[in-house]
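Protein chains in written order, with the working numbering: chain A, 12 to 493; chain B, 12 to 493. In what follows, a structure is listed as structure tokens, so that the remarks can point back to it.
There are 2 protein chains.
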Amino acid sequence: MENTKLVGLVIGALLVALSFLMLVPVLADVVAQSGDWQAFFSSAVITGFAGGALMLANETDQRDLGQRETFVVTTLAWIVISGFAALPLCFSQAQMSYTDAFFESMSGFTTTGSTVMSGLDSMAPGILLWRALIQWVGGVGIILTAVAILPFLRIGGMQLFRTESSDRSDKVMPRPGQTAVAIGEVYLLLTLLCAFAYSAAGMNSFDAITHAMTTLATGGYSTHDASFGYFNSAMIDWIGVIFMLAGSLPLLLYVQSVRGSGETLWHDTQVRSFVTMTFGVAIVMAIWLSARGDYTFVGALRYTAFSVASVVSTTGFANTDYTIWGPFASMAFLILTFVGGCTGSTAGGIKIFRFQILGMLLRSQNRQTLYPHVAQTLRFGDRTVSRDVVFSVALFVFIYVATVLFIGLALTAFGLDLVTALSASATALGNVGPGVGAIVGPSGNFSTLPDGAKWILSLAMLLGRLELMTVLIMFSRDFWQR
Amino acid sequence: MENTKLVGLVIGALLVALSFLMLVPVLADVVAQSGDWQAFFSSAVITGFAGGALMLANETDQRDLGQRETFVVTTLAWIVISGFAALPLCFSQAQMSYTDAFFESMSGFTTTGSTVMSGLDSMAPGILLWRALIQWVGGVGIILTAVAILPFLRIGGMQLFRTESSDRSDKVMPRPGQTAVAIGEVYLLLTLLCAFAYSAAGMNSFDAITHAMTTLATGGYSTHDASFGYFNSAMIDWIGVIFMLAGSLPLLLYVQSVRGSGETLWHDTQVRSFVTMTFGVAIVMAIWLSARGDYTFVGALRYTAFSVASVVSTTGFANTDYTIWGPFASMAFLILTFVGGCTGSTAGGIKIFRFQILGMLLRSQNRQTLYPHVAQTLRFGDRTVSRDVVFSVALFVFIYVATVLFIGLALTAFGLDLVTALSASATALGNVGPGVGAIVGPSGNFSTLPDGAKWILSLAMLLGRLELMTVLIMFSRDFWQR
């Protein structure tokens with residue numbers, strides 16, 4: 012690493028920004044006359060002081076992060092920010108242990124949404140707003156990371172999405188700064204739209220705003236223990252379905268669609284497959300559920316569409332507990348936990364484009380077998396897929412599955428049963444939220460897990476959020492060799 | 012398909028051979044004065060008649076199987092032979108339903124070893140010998156398929172093992188016929204050695220011969236319900252460990268080692284990794300088990316080495332029930348179920364060389380990320396690994412995992428719980444034998460599963476045995492297009 016000072020400067024600046032963000036819940040608690048404002052204010056002071064000190068100690072004129080530094084800064088940023096954002100949870104009326112607070116904070120910033128908290132309905136607004144805010148900010152953070160950083164680090168095949176690559180003639184926004192601002196605008200606009208819709212359907216303003224934030228972030232934190240089950244409204248559920256899916260589409264495509272250049276949303280192969288798959292699975296499940304006689308088809312579709320959208324968008328809201336539908340449904344949702352949304356969104360998981368590339372590879376390999384003398388090329392949309400992209404994608408999927416298994420193994424070492432361990436591992440790595448079983452299922456709560464399991468799951472959320480390799484490459488010998 | 016006649020002729024010839032094989036248990040039952048000889052004799056007549064009719068109806072001078080025909084013949088052979096080999100199980104004193112008999116027969120020929128039979132200890136010798144024979148013959152069948160057929164069909168990266176490829180200067184046996192005979196000789200020799208060792212350690216001749224057959228086949232059928240637990244002998248257990256591992260090494264390497272040309276066994280990178288990994292895991296587990304105070308280290312090692320060797324060699328013998336060691340051990344064995352032995356052996360699973368190739372790919376991709384302008388090449392032993400091989404391997408692993416999940420999903424539709432469904436799916440696809448849980452665990456028995464689940468598992472065993480793509484390619488549209 013040539014430039015550790017710049018790493019410190021960036022992290023310091025992010026902490027200062029975080030300390031300002033903490034003033035929002037201070038305001039909310041002051042208005043609501045809750046004593047919790049002190050927890051947020053003292054955390055803001057500590058965070059701001061730490062960030063300022065880090066900035067002063069690392070003053071430098073250098074402004075170009077090298078490749079190795081980018082890996083370090085990206086990983087460290089997520090860990091350090093989660094570490095400080097956990098402070099108000101410790102200091103507040105919730106009185107959480109630091110382990111619990113860190114888990115909740117990491118689950119928030121990674122937009123996972125697994126929670127160790129209960130009794131949300133009677134909590135002060137500050138803490139509820141804080142949970143929504145860290146998911147919302149984490150969401151925009153990961154979109155910018157996915158659009159601006161990961162493609163250039165060649166992570167998991169995302170080099171396919173280099174917007175400035177030379178094979179693209181339709182350069183909508185030549186400068187990265189402009190792209191970031193445009194994405195931020197779209198994200199804010201969608202959140203406002205969602206909040207208005209929730210509010211019109213009957214949520215109060217506070218619930219509408221916080222749920223809109225965690226919907227677009229595909230995070231899944233709610234202000235009620237029963238999540239969407241609290242509202243018990245089909246209209247609110249369907250609005251949730253629409254905006255959870257909206258949050259799992261590539262944000263850059265909205266920008267391009269609005270500006271009338273580039274592909275429109277529905278022409279994008281990833282978007283089409285994702286939306287078709289989601290509704291296809293929801294409809295098949297609704298037919299299956301209504302055939303068992305528990306629901307009418309339309310009644311069933313409300314629950315299956317919401318649950319499927321919640322899992323594939325990696326949000327994690329619940330309007331019912333899908334595990335009561337039996338092992339077939341539980342297994343189906345466990346498989347869906349691996350899928351994920353589109354790349355360049357707030358969704359986690361393996362993501363649709365990787366399945367599409369492997370599907371194309373399968374077809375081309377079959378043809379190569381049957382017609383050994385005909386050359387096969389791989390195309391994704393209007394781009395030729397290079398060998399390098401296919402290698403990255405295949406490796407990503409392999410490491411993803413292996414990580415789910417080994418995180419699951421580590422969890423069993425703390426005494427978790429197989430289903431809880433495997434589904435907790437898969438849901439954390441996919442940044443989904445709920446798993447299968449009494450503890451980590453949609454009606455469960457992660458609070459009863461042993462502390463060791465919470466730290467392992469926090470690591471899994473981080474790994475999943477940063478597409479595994481951003482973190483794992485730092486454990487290779489080559490990374491530290493000059 | 013240009014030559015359906017030749018397909019019929021080959022299948023017919025295999026059935027005639029199978030009918031002769033059925034005369035062996037006839038002899039055993041006649042000697043033991045068991046009435047079961049009639050079950051085998053009538054099955055031999057039916058099978059021989061069917062095979063003969065098929066041969067007569069498909070007489071042809073053509074002797075060259077096309078590529079498409081080879082896929083069809085390989086898949087059909089395993090299904091039809093299992094179908095006829097199931098007959099004596101229906102007709103005998105065991106009085107099994109055809110579903111049970113087919114499951115047992117497919118489990119035998121694929122050297123999986125999952126069983127629906129109990130009360131083995133008191134059964135007539137014919138039926139016990141038959142179960143051992145079909146595993147032994149299935150074992151040599153799969154080695155020859157792996158060495159002579161799959162590399163040329165470009166299945167799962169096995170094109171890496173084309174023995175006649177031009178980048179090999181040490182052509183030990185230029186003609187495939189000679190190779191097949193040499194492999195058969197080694198297989199027979201190892202089986203005899205194993206039988207002598209078992210016998211010297213205290214097994215009676217019948218047990219020694221049948222267990223030697225199912226050990227080298229890495230099949231795992233026993234003549235006792237308690238499997239190796241029946242003998243309760245550390246010596247016999249360790250002999251089992253050695254020959255289970257011997258059966259999971261590439262048989263061709265023995266031939267080359269004996270003839271003094273090519274690599275010797277221990278110089279082979281796949282063999283080294285496999286053996287090191289197996290004993291490494293066994294030792295770590297033994298330390299863990301003895302630290303819990305249940306066993307001494309040496310006592311624990313006997314059980315962990317046997318169980319680990321049994322699972323990674325995909326044999327499936329049990330000298331204890333590893334699931335009583337708790338969820339950590341169960342999860343570890345579930346992961347080991349995916350691993351498998353070396354290619355070109357009787358072992359199933361994903362197999363060591365595929366992990367090695369993915370490991371090399373990971374290293375090379377990391378380097379490519381860190382040094383974008385340095386070209387990276389992949390090497391396996393003394394060979395350069397082509398892009399094509401890496402694509403095949405990556406695709407194989409992806410489809411393998413997806414198949415485990417979807418077979419698991421299909422099993423839950425029959426009401427199986429998640430752990431039973433997932434581990435039964437993984438153990439069938441890996442041709443291992445036992446899974447996790449009360450029904451499919453090492454102390455369990457597959458007989459109580461619903462019939463539908465047994466057919467699905469039979470399909471999974473077939474898919475795993477033929478390295479998935481041999482079967483699955485026939486479901487692609489391209490396969491049937493001219």
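Cβ coordinates follow ideal geometry from the N, Cα and C atoms, glycine included.
Distance check for residue j and residue i, CA to CA, integer angstroms please.
| i | j | result |
| --- | --- | --- |
| serine 436 (chain B) | isoleucine 418 (chain A) | 21 Å |
| tryptophan 277 (chain A) | leucine 264 (chain A) | 10 Å |
| leucine 87 (chain B) | cysteine 101 (chain B) | 21 Å |
| isoleucine 22 (chain A) | asparagine 69 (chain A) | 10 Å |
| glycine 19 (chain A) | glycine 251 (chain B) | 58 Å |
| tryptophan 89 (chain B) | valine 451 (chain A) | 43 Å |
| valine 412 (chain B) | serine 403 (chain B) | 14 Å |
| arginine 390 (chain A) | threonine 334 (chain B) | 47 Å |
| lysine 7 (chain A) | serine 458 (chain B) | In the structure as shown, chain A begins at 12 and stops at 493. Residue 7 (chain A) is therefore absent and cannot be evaluated. |
| asparagine 14 (chain A) | glycine 77 (chain A) | 8 Å |
| alanine 405 (chain B) | alanine 405 (chain A) | 6 Å |
| methionine 246 (chain A) | asparagine 215 (chain A) | 14 Å |
| threonine 85 (chain B) | serine 53 (chain B) | 26 Å |
| histidine 222 (chain A) | arginine 313 (chain A) | 18 Å |
| alanine 439 (chain A) | leucine 468 (chain A) | 6 Å |
| phenylalanine 242 (chain A) | leucine 300 (chain B) | 50 Å |
| threonine 315 (chain B) | phenylalanine 285 (chain A) | 45 Å |
| valine 27 (chain A) | glycine 62 (chain A) | 5 Å |
| leucine 3 (chain B) | threonine 414 (chain B) | Residue 3 (chain B) is absent from the model: chain B starts at 12 and stops at 493. |
| alanine 320 (chain B) | aspartate 111 (chain A) | 40 Å |
| leucine 477 (chain A) | alanine 159 (chain B) | 44 Å |
| leucine 34 (chain A) | valine 42 (chain A) | 12 Å |
| glycine 188 (chain A) | valine 266 (chain A) | 14 Å |
| tryptophan 249 (chain A) | alanine 343 (chain A) | 21 Å |
| serine 118 (chain A) | phenylalanine 409 (chain A) | 24 Å |
| proline 461 (chain A) | threonine 423 (chain A) | 11 Å |
| alanine 96 (chain B) | glycine 168 (chain A) | 48 Å |
| phenylalanine 113 (chain A) | serine 434 (chain A) | 21 Å |
| aspartate 236 (chain B) | methionine 224 (chain B) | 17 Å |
For residue i, does the count of other Cβ atoms within 10 angstroms reach 16, so buried, or fall short, so exposed?
| i | result |
| --- | --- |
| aspartate 103 (chain A) | What sits at residue 103 (chain A) in the sequence shown is serine, not aspartate. It is buried - the Cβ of serine 103 (chain A) has at least 16 other Cβ atoms within 10 Å. |
| aspartate 181 (chain A) | With a pLDDT of only 43 at aspartate 181 (chain A), under the threshold of 50, the placement of this residue in the model should not be trusted, and no figure is reported. |
| phenylalanine 163 (chain B) | exposed |
| tryptophan 491 (chain A) | exposed |
| phenylalanine 31 (chain A) | exposed |
| glycine 130 (chain B) | exposed |
| valine 396 (chain B) | buried |
| alanine 358 (chain A) | buried |
| valine 4 (chain B) | Since the first residue of chain B shown is 12 and the last is 493, residue 4 (chain B) is not available in this structure. |
| threonine 307 (chain A) | exposed |
Would the beta-carbon of residue i be found less than 8 Å away from any heavy atom of the ligand ADP?
| i | result |
| --- | --- |
| serine 233 (chain A) | Absent from the structure shown: the ligand ADP. Ligands present: none. |
(message) Against chain A, which members of the stretch 434–461 of chain B pass a CB distance test of less than 8 Å?
(response) Going along the stretch 434–461 of chain B in chain order, one finds Val447 with a Cβ nearer than 8 Å to chain A.
(request) Indicate whether the contact test is met: 3 or more Cβ pairs, each with one atom in the stretch 193–205 of chain B and one in the stretch 323–340 of chain B, closer than 8 Å. (result) They do not touch, by the three-pair rule.
(message) Taking contact to mean 3 or more Cβ pairs, one atom from each stretch, closer than 8 Å, check whether the stretch 468–483 of chain B and the stretch 68–76 of chain B are in contact.
(response) Not touching, per the Cβ criterion.
(message) Report the start-end ranges of each alpha helix (DSSP H) in the stretch 47–98 of chain A that is 4 residues or longer and not cut off at the edges.
(response) DSSP assignment within the stretch 47–98 of chain A yields the following whole alpha helix (DSSP H) runs of 4 residues or more, N-terminal first: 48–68, 78–96.
(message) By the 9 Å beta-carbon criterion, what residues does the stretch 334–345 of chain B contribute toward chain A?
(response) Those would be Gly337, Pro338, Phe339, Ala340, Ser341, Met342, Ala343, Leu345, in chain order.
(request) Could you tell me whether the stretch 218–233 of chain A touches the stretch 134–151 of chain A, where touching means 3 or more Cβ pairs closer than 8 Å? (result) Verdict: yes, contact present.
(request) Could you list the residues in the stretch 399–414 of chain B with a C-beta less than 8 Å from some C-beta on chain A, going in chain order? (result) Legend: CB atoms of the stretch 399–414 of chain B lying less than 8 Å from CB atoms of chain A belong to residues Asp399, Val401, Phe402, Ser403, Ala405, Leu406, Val408, Phe409, Ile410, Val412.
(request) Say whether the stretch 353–370 of chain B touches the stretch 252–261 of chain B, bearing in mind that this needs 3 or more beta-carbon pairs closer than 8 Å, one atom from each stretch. (result) Output reads yes: the stretch 252–261 of chain B touches the stretch 353–370 of chain B.
(message) Taking contact to mean 3 or more Cβ pairs, one atom from each stretch, closer than 8 Å, check whether the stretch 78–85 of chain B and the stretch 33–40 of chain B are in contact.
(response) Flag = no, the stretch 78–85 of chain B and the stretch 33–40 of chain B do not touch.
(message) Can you pull out the residues from the stretch 258–291 of chain B whose beta carbon lies closer than 7 Å to at least one beta carbon of chain A?
(response) Within the stretch 258–291 of chain B, no residue qualifies.
(request) Inspect the CB distances between the stretch 478–491 of chain B and the stretch 371–383 of chain A and report whether three or more fall short of 8 Å. (result) Yes, since at least three Cβ pairs between the stretch 478–491 of chain B and the stretch 371–383 of chain A fall closer than 8 Å, the two stretches touch.
(request) Pair every Cβ in the stretch 277–291 of chain A with every Cβ in the stretch 342–356 of chain A, then say whether three or more of these pairs are closer than 8 Å. (result) A contact between stretches requires three or more CB pairs, one per stretch, nearer than 8 Å, and the stretch 277–291 of chain A meets this requirement with the stretch 342–356 of chain A.
(request) Taking a Cβ distance cut-off of 8 Å, strictly less, list which residues of the stretch 139–164 of chain B are near chain A, in chain order. (result) Residues of the stretch 139–164 of chain B whose Cβ lies closer than 8 Å to any Cβ of chain A, in chain order: Leu164.
(request) Anything in the stretch 370–381 of chain A with a Cβ closer than 9 Å to a Cβ of chain B? List those residues in chain order, please. (result) When C-beta distances to chain B are compared with 9 Å, the residues of the stretch 370–381 of chain A below that value are Leu372, Leu373, Arg374, Ser375, Gln376, Asn377, Arg378, Gln379, Thr380, Leu381, in chain order.
(request) Examine the Cβ distances between the stretch 125–141 of chain A and the stretch 56–69 of chain A and report whether three or more of them are shorter than 8 Å. (result) No, the stretch 125–141 of chain A does not touch the stretch 56–69 of chain A.
(request) Just list the alpha helix (DSSP H) runs in the stretch 276–311 of chain B, keeping only unbroken ones of 4 residues or longer that don't cross its boundaries, in chain order. (result) Fully enclosed alpha helix (DSSP H) runs of 4 or longer: 280–302.
(message) Short of 9 Å Cβ to Cβ, which residues in the stretch 99–116 of chain B face chain A?
(response) Listed by position along the chain: nothing, the set is empty.
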